[in-house]
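As you go down the protein sequences, you meet chains S and Z in turn. Read left to right, the first sequence gives residues 1465 to 1577 (the working numbering). Read left to right, the second sequence gives residues 621 to 735 (the working numbering). Glycine residues also receive a C-beta, built at the ideal position from the N, C-alpha and C atoms.
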Amino acid sequence: DSGVTQTPKHLITATGQRVTLRCSPRSGDLSVYWYQQSLDQGLQFLIQYYNGEERAKGNILERFSAQQFPDLHSELNLSSLELGDSALYFCASSVRQGAYEQYFGPGTRLTVT
Amino acid sequence: GESVGLHLPTLSVQEGDNSIINCAYSNSASDYFIWYKQESGKGPQFIIDIRSNMDKRQGQRVTVLLNKTVKHLSLQIAATQPGDSAVYFCAESRNSGGSNYKLTFGKGTLLTVNP
């Protein structure tokens, strides 16, 4: 158990809908990262927050947004969902900002039908 | 495009044998190279890292070798056990400013350990 929690574990929704994925980092970790994992694209970095502020952006679509709250939990919002958005979404955390040793949560499996 | 790639998508070994998982990279500006392990149904787990100015680093039952001449990275697992069965990702990390390291993952190699 990495100490990072993600909810929900599974999510099934229809195209065009909007969903919110939630992540609680390990106790004491200030950085939160979001990744998308799919069979064709592998593990892709989406966005990083550190102590409430956005620090780095990767291959995140404009339909996707995220934020980190004062209690350090983070939410990833996915809107106007398309079939291709079906994937595993992982949250990771670290103590330092932008650390390469990251602790990953169990992921949320999103299925868009 | 992706700067980190893997030679083989699958590797099958016998329990007790040594495993070698290979990775090629193209970006000479990487500061660190990292190996992650992902077991079925779980998130990736950090295994070991190596700084770009090193050739070799050893951990518990694992050794990472870095050959900058041919831009090749390998992970050696000694006395492979069934619990080592997983997908192994190599990743590279670059300082994108202010000590902020961004990770770029390769596609992954599936290691299967046969009893």
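Bounds of the beta strand (DSSP E) holding Tyr708(Z) are 706-715.
Of all C-beta pairs linking the region 1568-1575 of chain S to the region 653-673 of chain Z, three or more are shorter than 8 Å, placing the two stretches in contact. Around Thr1477(S), the same chain offers Val1483, Leu1545, Leu1574, Thr1575, Val1576, Thr1577 as residues with beta carbons nearer than 8 Å, after the five sequence neighbours per side are excluded. Nearest neighbour of Asp637(Z) by Cα position, chosen from Pro735(Z), Thr700(Z), Ile668(Z), turns out to be Thr700(Z). When C-alpha distances from Ser650(Z) are compared across Ile641(Z), Asn715(Z), Phe666(Z), the shortest belongs to Asn715(Z). Asp1493(S) sits in coil when the DSSP states are folded into three classes, being neither helix nor strand. With contact defined as three or more Cβ pairs closer than 8 Å, the region 1488-1505 of chain S and the region 1535-1553 of chain S are in contact. In the three-state DSSP reduction, Leu1547(S) falls in the helix class (H, G or I). In the three-state scheme derived from DSSP, where H, G and I count as helix and E and B as strand, Gly703(Z) is classed as helix.
In the DSSP assignment, Val682(Z) falls within the beta strand (DSSP E) that extends over 682-687. Exclusion of the five residues before and after Ser648(Z) leaves Lys688, Lys691 as the residues of its chain whose Cβ lies within less than 8 Å of its Cβ.
Runs of beta strand (DSSP E) with 3 or more residues, each lying fully within the region 1480-1527 of chain S, are found at 1483-1488, 1495-1502, 1506-1514, 1517-1521, listed in chain order.
Residues of the region 658-690 of chain Z whose Cβ lies closer than 9 Å to any Cβ of chain S, in chain order: Gln658, Gly661, Lys662, Gly663, Pro664, Gln665, Phe666, Asp669. For Ala649(Z), no beta strand (DSSP E) segment is defined, and its DSSP state is neither H nor E.
Chain-order list of chain S residues neighbouring Tyr652(Z): Tyr1564, by C-beta distance under 8 Å. The secondary-structure analysis by DSSP pairs Tyr1564(S) with nothing; it has no beta-bridge partner. By the Cβ-count criterion, Asp704(Z) is buried, with 16 or more other Cβ atoms from all chains shown falling within 10 Å of its own Cβ. Of the other Cβ atoms in all chains shown, fewer than 16 fall within 10 Å of the Cβ of Leu1547(S); this residue is therefore exposed.
Not flagged as an interface residue toward chain Z: Leu1574(S), since no C-beta distance is shorter than 7 Å. Under the 10 Å beta carbon count, Gly728(Z) is surrounded by 16 or more other beta carbons and is classified as buried. Secondary structure of His1537(S) (DSSP, three-state): coil.
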